[in-house]
Amino acid sequence: MEENIKIRSVKYNLIMNIILKISSFIFPLITLPYITRTLGAIGNGKVAFATSVVNYFAMFAQLGIPTYGVRACAKCRDNKDKLTQTVQELLLINMVAVVLSYFALIVGMLLIPKLQEEPELMLISSITIILNMAGMEWLYQSIEQYQYITIRNIIFKIISIVLMFLCVH
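Read in order, the letters of the sequence shown are residues 0 to 168 in numbering that gives the first Met the number 0.
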């Protein structure tokens, strides 16, 4: 493993994890009133429906890799070659699952009338599938980089809030 990756104390990682969890509560408190007021009940329902459907495909695409990946990578985190091989194998499995998941989503959108009503919304929501794979949070958890996870998560939440205010009218 690289020499510049520093393993922090359990107390520090706990604090970072608490900050991460608190930000998960604060973000909806900021966005929900604006989204509800702007989109209205019908628009909010459409977004919630698309998100819920896409979340099933995202769960399939993950195949339990976030849970297994933390365990497998933590076992070999001190051996750079073994860690690299493990991460590459998990990413390959994840990529195949993402492709299959997208294929299933597209087939579902072609065959299920309810999914055909808002194709743009479904496709925009489906970006979640790729982002879950690209995030690789399981790797950073296994090498105990909770500061990186927390900072990255907060930065993306701030960016999404700004984009929400700019794009949702």
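Built from N, CA and C at the ideal position, the CB exists for glycine as well.
Inset, instruction - To the nearest angstrom, report how far apart residue 128 and residue 99 are at their CA atoms. - result: 11 Å
Inset, instruction - Find the nearest neighbour of residue 97 within the set 25, 53, 39, judged by alpha-carbon distance. - result: 53
Legend entry - Bounding residues of the alpha helix (DSSP H) (the contiguous stretch that carries residue 84): 79-110
Legend entry - Residue closest to residue 65, alpha-carbon to alpha-carbon, out of 132, 82, 124, 11: 132
Inset, instruction - Determine contact between the segment 16-29 and the segment 146-163, defined as no fewer than three beta-carbon pairs at a distance below 8 Å. - result: yes
Legend entry - Rounded C-alpha distance that separates residue 105 from residue 6: 42 Å
Inset, instruction - With a 10 Å radius around its C-beta and 16 neighbouring C-beta atoms as the bar for buried, classify residue 88 as buried or exposed. - result: exposed
Legend entry - Segment limits, alpha helix (DSSP H) that includes residue 136: 136-141
Inset, instruction - May I ask you to verify whether the segment 102-116 touches the segment 133-148, counting CB pairs closer than 8 Å and requiring at least 3? - result: no
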